[in-house]
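In the numbering used here, the protein residues as written are 65 to 147.
As C-alpha cells, then:
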C-alpha cells in the first residue's frame, strides 16, 4: 500500500441522520473505525485525506442543516491498503 496523510474526524449524529451521513462518508473513501452507539445518537470516527475535508464538511452541513459538526483530531499517516 501507499502511505497517506490522513486527518482523524469524529462526529456525533442523531439516529435519523445516521444512514445519510454514513452514505456521505462512504463517498469520500475513508478508513472507518468501529462506531460507538449512545441512546439517541451514534459517534462515527474515520480518517480522511486532508484535501477532502472542505468538501466533506460542506456536504455534511447541507445534509444535516448544520446540526452535525465534525471534530478534527490528530493527523496521522495511514497505510492505504491496495484493494
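Built from N, CA and C at the ideal position, the CB exists for glycine as well. Note that the structure is predicted; figures quoted are calculated from it, not measured.
What number of angstroms, rounded off, separates the C-alpha of residue 97 from the C-alpha of residue 91?
Each residue's Cα considered, the two are about 16 Å apart.
Inspect the beta-carbon positions of residue 105 and residue 78 and report whether they are closer than 8 Å.
Cβ atoms of residue 105 and residue 78: closer than 8 Å.
If we require 3 or more residues per run, which beta strand (DSSP E) segments fall completely within the segment 71-120?
Correct list: 105-112.
Assign residue 139 to one of three DSSP states: helix, strand, or coil.
Strand at residue 139.
Could you work out which residue in 99, 110, 127 and 123 is closest to residue 71 when comparing CA atoms only?
Nearest option by C-alpha distance: 110.
Which residues in the same chain as residue 49 place their Cβ atom closer than 8 Å to its Cβ, once the five residues preceding and following it in sequence are excluded?
Because the chain here runs from 65 to 147, residue 49 falls outside it and cannot be looked at.
For residue 124, which residues does DSSP report across the bridge?
Residue 124 is not bridged to any residue.
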